[in-house]
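A.B. asks: Each residue of the sequence shown is one higher than the one before, starting from 23 at the first, in the numbering used here.
C-beta: ideal position from N, C-alpha, C; glycine also.
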Amino acid sequence: MTFPSLHRLSFVERRPESVNVYSFIFDHGNRVRWRAGQHFIFWIPSLDLWIQHNSRAFSVSSAPSEGHIRITTRYFAEKGSKFKHRLFNMKQGDRIIAFGPLQRFYLNEGFSRHCGVAGGIGITPLRSLLVQLDADSSIAPFTLFYQNARPPIIFDEELRAIATRRPNIRVIELMDPAHIDAEALKREMGDLAGIAFYVSGSPGYIKAIEVMLRGLGVNDEQITQDGFWDFRERVVHVLRACFEHKD
Ligand SMILES: Cc1cc2nc3c(=O)[nH]c(=O)nc-3n(C[C@H](O)[C@H](O)[C@H](O)COP(=O)(O)OP(=O)(O)OC[C@H]3O[C@@H](n4cnc5c(N)ncnc54)[C@H](O)[C@@H]3O)c2cc1C
């Protein structure tokens, strides 16, 4: 059982992933336990105490098997928030505080088939899930629908390599205007009963996918979602996560 708590991480390096997309790698000294797909709230200690300037929630894009904590996000030098500027300018050895792990966005072992639906940067927790399934040589069938507005697709090569190595893992990439709809879902997944769905992306994206899934008869127990909402909902979210946490 892993309860959310505070962890001190040390910045290792920044890696470019795609246009305006970077990963930030942190060393956790083998002290942090989390399950692939979960997220933390990250706080960069600074003299600026306003929470909106120094903290953000991020899904961990690395899997526990990789031995480090990696977060992946978009960064816009001109328009980026103060938090993102601070993150982007971290130097090796700088500290960041992480609170978590939070939320039950991890493999639901009560189901025999699994389907991830990610929009844009919402791919982060699903990369973590697929990398961990690969490391565990898991045979749980997993299909990932990954929708992106335009190329290049984040983690494209890695995800394709996993799908090539593991016949039970499929990655279906969709580029605008192609998108996941009821017809595509039924065509690729067949009977939707008994499938666990993991939906990740912006709140609007998640809402649209949930409405579609419910319209197809998928019930609440089958859907896990990781909505990338903003800071106003964060306090409520943390409190809820702490009180509801059962691992
Ligand atoms: C559970 C959870 C998990 C999350 N996981 C992640 C994650 O893994 N990765 C992640 O990135 N976020 C994640 N988020 C969202 C994250 O917490 C931030 O809210 C988000 O990254 C926005 O950051 P920011 O407010 O610093 O704004 P910034 O990203 O700095 O954006 C500031 C400004 O940049 C401009 N801008 C932003 N996007 C674009 C664009 N596409 N094109 C042009 N201009 C743009 C806009 O003017 C915008 O107002 C998660 C949120 C939650 C709740």
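1) Assign asparagine 76 to buried or exposed, taking buried as 16 or more other Cβ atoms, counted over all protein chains shown, within 10 Å of its Cβ.
2) Measure how close the beta-carbons of glutamate 232 and glutamine 247 come, nearest whole angstrom, since I'm counting them as under 8 Å.
3) Between which two residues does the alpha helix (DSSP H) containing serine 150 stretch?
4) Considering only C-alpha positions, which residue in the set Leu214, Glu180 and Ala58 is nearest to serine 84?
5) Measuring straight from C-alpha to C-alpha, what distance separates phenylalanine 33 and isoleucine 118?
6) Please list, in chain order, all residues of the same chain as valine 240 whose beta carbon is under 6 Å from its beta carbon, the five residues on each side excluded.
7) I need the DSSP call for threonine 24, collapsed to helix, strand or coil.
8) Go to phenylalanine 127, then tell me how far its beta strand (DSSP E) extends in each direction, as first and last residue.
9) Glutamate 243 lies in the alpha helix (DSSP H); which residues open and close that run?
10) Output the distance between the C-alpha atoms of lysine 113 and phenylalanine 46, rounded to the nearest integer angstrom.
C.D. replies: So, to answer that:
1) Numbered from its first residue, the sequence shown carries residue 76 at position 54. Buried is the call here.
2) The sequence position of residue 232 within the sequence shown is 210, counting from 1. The sequence position of residue 247 within the sequence shown is 225, counting from 1. In this structure glutamate 232 is in contact with glutamine 247, their Cβ atoms being roughly 7 Å apart against a cut-off of 8 Å.
3) By 1-based counting over the sequence shown, the position of residue 150 is 128. Boundaries of the alpha helix (DSSP H) harbouring serine 150: 146-157, taken from the DSSP string.
4) For this step, residue 84 is matched to residue 62 along the sequence shown. If we check each option's Cα against that of serine 84, Ala58 comes out closest.
5) In the sequence shown, the residue the question calls residue 33 occupies position 11. In the sequence shown, the residue the question calls residue 118 occupies position 96. Using only the alpha carbons, I get a separation of about 7 Å.
6) Here residue 240 corresponds to residue number 218 of the sequence shown, with the count starting at 1. Excluding residues within five positions, the ones whose Cβ falls inside 6 Å are Leu214.
7) For the purposes of this step, residue 24 is taken as the residue at position 2 of the sequence shown. Three-state DSSP puts threonine 24 in coil, outside helix and strand.
8) Residue numbering aside, residue 127 sits at position 105 when the sequence shown is read from its first letter. First-last for phenylalanine 127: undefined, no H or E at that position.
9) For this step, residue 243 is matched to residue 221 along the sequence shown. First-last for glutamate 243: undefined, no H or E at that position.
10) For this step, residue 113 is matched to residue 91 along the sequence shown. For this step, residue 46 is matched to residue 24 along the sequence shown. Distance between the alpha carbons of lysine 113 and phenylalanine 46: 11 Å.
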